[in-house]
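Before any comments, here is the structure.
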Amino acid sequence: LDAHNYVRAQYGCPPLIWSQELSDLAHTWAVKLAERGRILYPELPGIGENIQLSTADDHSHLPSGAEITELWAKEAEDFDFERPRWQPRTQHFSQMVWKETFEVGIARYWNTPKNCIAVVAFYRPAGNSNAPG
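Numbering (the UniProt record's numbering), first residue to last: 1 to 133.
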(Lines of atoms letter the chains of each structure in order from A; the text may use other names.)
(Lines give C-alpha, C1' and ligand atoms only; values in the text may rest on other atoms or scores of the structure.)
Protein backbone atom coordinates (compact mmCIF):
# COMPACT_ATOMS: atom_id res chain seq x y z
CA LEU A 1 0.00 0.00 0.00
CA ASP A 2 2.81 2.41 0.87
CA ALA A 3 4.56 1.76 -2.45
CA HIS A 4 1.33 2.29 -4.39
CA ASN A 5 0.63 5.53 -2.54
CA TYR A 6 4.19 6.74 -3.11
CA VAL A 7 3.74 6.29 -6.88
CA ARG A 8 0.29 7.88 -6.79
CA ALA A 9 1.66 10.93 -4.97
CA GLN A 10 4.23 11.42 -7.76
CA TYR A 11 1.33 11.93 -10.17
CA GLY A 12 -0.94 14.03 -7.97
CA CYS A 13 -3.31 11.20 -7.07
CA PRO A 14 -4.96 10.85 -3.67
CA PRO A 15 -3.80 7.94 -1.51
CA LEU A 16 -5.54 4.59 -1.64
CA ILE A 17 -7.02 2.96 1.42
CA TRP A 18 -6.65 -0.75 2.21
CA SER A 19 -9.66 -2.99 1.63
CA GLN A 20 -9.63 -6.35 3.39
CA GLU A 21 -12.55 -7.41 1.20
CA LEU A 22 -10.54 -6.73 -1.97
CA SER A 23 -7.48 -8.38 -0.43
CA ASP A 24 -9.47 -11.55 0.30
CA LEU A 25 -10.80 -11.57 -3.27
CA ALA A 26 -7.26 -11.00 -4.58
CA HIS A 27 -5.96 -13.93 -2.52
CA THR A 28 -8.62 -16.26 -3.88
CA TRP A 29 -7.78 -15.17 -7.42
CA ALA A 30 -4.00 -15.43 -6.87
CA VAL A 31 -4.40 -19.03 -5.69
CA LYS A 32 -6.44 -19.85 -8.79
CA LEU A 33 -3.89 -18.28 -11.14
CA ALA A 34 -0.88 -19.91 -9.48
CA GLU A 35 -2.59 -23.30 -9.66
CA ARG A 36 -3.45 -22.87 -13.35
CA GLY A 37 -0.16 -21.22 -14.26
CA ARG A 38 -1.72 -18.63 -16.53
CA ILE A 39 -3.35 -15.23 -16.32
CA LEU A 40 -7.12 -15.09 -16.27
CA TYR A 41 -9.17 -11.95 -15.74
CA PRO A 42 -12.00 -12.15 -13.21
CA GLU A 43 -14.36 -9.54 -14.72
CA LEU A 44 -15.69 -8.42 -11.35
CA PRO A 45 -18.17 -5.55 -11.80
CA GLY A 46 -16.72 -2.23 -10.66
CA ILE A 47 -13.35 -3.75 -9.74
CA GLY A 48 -10.15 -3.22 -11.68
CA GLU A 49 -7.10 -5.44 -11.48
CA ASN A 50 -3.37 -5.68 -11.93
CA ILE A 51 -1.97 -9.18 -12.25
CA GLN A 52 1.62 -10.40 -12.31
CA LEU A 53 2.44 -14.06 -12.89
CA SER A 54 5.99 -15.40 -12.78
CA THR A 55 8.01 -18.48 -11.92
CA ALA A 56 10.69 -19.13 -9.32
CA ASP A 57 12.81 -22.15 -8.49
CA ASP A 58 12.46 -21.51 -4.78
CA HIS A 59 10.86 -18.97 -2.54
CA SER A 60 14.14 -17.46 -1.36
CA HIS A 61 13.22 -14.34 -3.28
CA LEU A 62 9.54 -13.93 -3.85
CA PRO A 63 8.93 -10.46 -5.32
CA SER A 64 7.88 -7.96 -2.69
CA GLY A 65 4.92 -5.66 -3.06
CA ALA A 66 7.31 -2.76 -3.54
CA GLU A 67 9.16 -4.58 -6.34
CA ILE A 68 5.95 -5.42 -8.18
CA THR A 69 4.72 -1.85 -7.74
CA GLU A 70 8.02 -0.55 -9.15
CA LEU A 71 7.68 -2.88 -12.14
CA TRP A 72 4.19 -1.56 -12.86
CA ALA A 73 5.27 2.05 -12.25
CA LYS A 74 7.99 1.74 -14.93
CA GLU A 75 5.22 1.58 -17.51
CA ALA A 76 4.92 5.36 -17.01
CA GLU A 77 7.84 5.67 -19.45
CA ASP A 78 5.45 4.62 -22.25
CA PHE A 79 2.35 6.42 -20.96
CA ASP A 80 0.94 9.25 -23.09
CA PHE A 81 0.25 11.98 -20.54
CA GLU A 82 -1.06 14.27 -23.29
CA ARG A 83 -3.79 11.75 -24.16
CA PRO A 84 -4.28 9.58 -21.05
CA ARG A 85 -6.13 6.38 -21.86
CA TRP A 86 -5.92 2.62 -21.53
CA GLN A 87 -3.17 0.99 -23.56
CA PRO A 88 -1.93 -2.59 -23.20
CA ARG A 89 1.68 -1.62 -22.48
CA THR A 90 0.71 0.83 -19.71
CA GLN A 91 -2.36 -0.86 -18.25
CA HIS A 92 -0.80 -1.64 -14.85
CA PHE A 93 0.49 1.90 -14.41
CA SER A 94 -2.75 3.57 -15.46
CA GLN A 95 -4.80 1.45 -13.04
CA MET A 96 -2.37 2.23 -10.23
CA VAL A 97 -2.66 5.99 -10.70
CA TRP A 98 -6.31 6.23 -11.74
CA LYS A 99 -7.51 9.23 -9.75
CA GLU A 100 -11.07 7.99 -9.21
CA THR A 101 -9.86 4.75 -7.60
CA PHE A 102 -9.82 4.99 -3.81
CA GLU A 103 -9.25 1.50 -2.39
CA VAL A 104 -7.05 -1.50 -3.06
CA GLY A 105 -6.50 -5.05 -1.85
CA ILE A 106 -3.40 -7.03 -2.80
CA ALA A 107 -2.36 -10.66 -2.40
CA ARG A 108 0.54 -12.88 -3.39
CA TYR A 109 0.53 -16.67 -3.64
CA TRP A 110 3.30 -19.11 -4.48
CA ASN A 111 2.33 -22.53 -5.78
CA THR A 112 5.32 -24.68 -4.81
CA PRO A 113 4.72 -27.69 -7.11
CA LYS A 114 4.32 -25.44 -10.15
CA ASN A 115 6.92 -22.86 -9.07
CA CYS A 116 4.37 -20.21 -10.00
CA ILE A 117 3.94 -16.90 -8.19
CA ALA A 118 0.80 -14.85 -8.65
CA VAL A 119 0.41 -11.28 -7.44
CA VAL A 120 -3.06 -9.80 -7.73
CA ALA A 121 -4.15 -6.25 -6.91
CA PHE A 122 -7.84 -5.39 -7.03
CA TYR A 123 -8.93 -1.75 -7.18
CA ARG A 124 -12.27 -0.07 -6.57
CA PRO A 125 -13.70 1.59 -8.46
CA ALA A 126 -12.12 0.17 -11.58
CA GLY A 127 -9.96 2.52 -13.59
CA ASN A 128 -7.80 2.52 -16.69
CA SER A 129 -10.65 2.59 -19.15
CA ASN A 130 -10.84 5.00 -22.06
CA ALA A 131 -13.49 6.96 -20.21
CA PRO A 132 -12.49 10.14 -18.34
CA GLY A 133 -10.96 9.56 -14.93
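Just so you know, even glycine gets a beta-carbon here, dropped at the ideal spot from N, CA and C.
On a predicted model such as this, the values are computed, not experimentally measured, just so you know.
Residue i classed as buried or exposed, judged by whether at least 16 other C-beta atoms fall within 10 angstroms
i	result
alanine 131	For alanine 131, the predicted structure reports a pLDDT of 49, less than 50, and the residue's modelled location is therefore unreliable. The matter cannot be settled from this model.
glutamine 10	exposed
alanine 66	exposed
serine 94	buried
glutamate 21	exposed
Simplified DSSP state of residue i, which is helix, strand or coil
i	result
isoleucine 51	strand
Pick from the options that is closest to residue i, judged by C-alpha positions
i	options	result
aspartate 2	Lys114, Ala126, Asn128 and Met96	Met96
threonine 55	His92, Arg124, Pro113 and Asn128	Pro113
glycine 12	Ala121, Ala107, Phe81 and Arg38	Phe81
Length at least 4, wholly inside the UniProt domain "SCP" (1–131): the alpha helix (DSSP H) runs in chain order: The UniProt domain "SCP" (1–131) contains these whole alpha helix (DSSP H) runs: 2–10, 20–36, 65–73 and 91–96.
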